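Under my numbering, residues 57 to 153 are what the sequence shown spells out, in order. Down below is the structure, laid out as structure tokens.
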Amino acid sequence: MAKQNLDKSKILRELQLIPGIGKSISLDLWNLGIRKVSDLKGKNPKTLYNRSNKLAGVKQDPCLLYVFRCAVYFASEKRLAKEKLNWWYWKDKIYNE
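Right, here's the structure in full:
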């Protein structure tokens with residue numbers, strides 16, 4: 057059991073390397089089955105957001121959708137534009153949806 061907790065802690069810390077992802081959202085990603093940054097490659101941010109809402113049992117703040125857009129961009133693109141690594145950049149943008 058202790059090893060599983062260590063593994064989970066390590067994975068959560070690695071997910072927090074994604075711009076805009078802190079402790080809370082890394083746990084949201086964990087609950088969605090994301091275990092590494094590359095798991096986000098090609099994912100649909102809107103689908104992740106809807107699944108997260110269902111797991112939470114409520115409609116969450118749309119800022120979470122913007123964070124998911126940023127995270128999927130980060131995982132999917134080889135050349136990253138600095139301004140696109142801010143979750144608020146994605147407020148009125150769509151990415152892979």
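Note that the Cβ used here is the ideal one computed from N, Cα and C, for glycine as well. Just so it is clear, the structure is predicted and the values come from calculations on it, not from any experiment.
Report all residues from its chain with a CB closer than 7 Å to the CB of residue i; omit the five preceding and five following residues, and keep chain order.
i: R107; result: L88
i: K147; result: Y122
i: W154; result: The structure shown does not extend to residue 154, since the chain is modelled only from 57 to 153, so the question has no answer here.
i: K97; result: A131 and S132
i: L136; result: F130
Just to confirm my understanding: we take residue i, look at its own chain, exclude 5 residues before and 5 after, and list those with CB closer than 8 Å. What are they?
i: L68; result: K79, S82, L83 and W86
i: Q72; result: G78, K79 and S82
Which residues in the same chain have their Cβ closer than 6 Å to the Cβ of residue i, if we skip the five residues on either side of it in sequence?
i: N109; result: K115 and Q116
i: G76; result: V123, C126 and W143
So, under 8 Å CB-CB, residue i and residue j are touching, yes? Tell me the CB distance rounded to an integer number of Å.
i: Y151; j: Y129; result: 5 Å
i: A112; j: I74; result: Contact doesn't hold; Cβ gap of about 20 Å is too wide.
i: K92; j: R125; result: In fact, because the Cβ distance is near 19 Å, the residues do not count as touching under 8 Å.
For chain D, find out if any of its Cβ atoms is closer than 9 Å to the Cβ of residue i; answer yes or no.
i: L83; result: Annotation note: the requested chain D is absent from the structure, which comprises a single protein chain.
Item to complete: Give, in chain order, every unbroken run of the alpha helix (DSSP H) that is at least 4 residues long and sits entirely within the stretch 96-130.
Response: 101-112
Discussion item. Taking 8 Å as the cut-off, does the stretch 118-125 touch the stretch 96-107 (at least 3 CB pairs, one atom from each stretch)?
Written reply: yes
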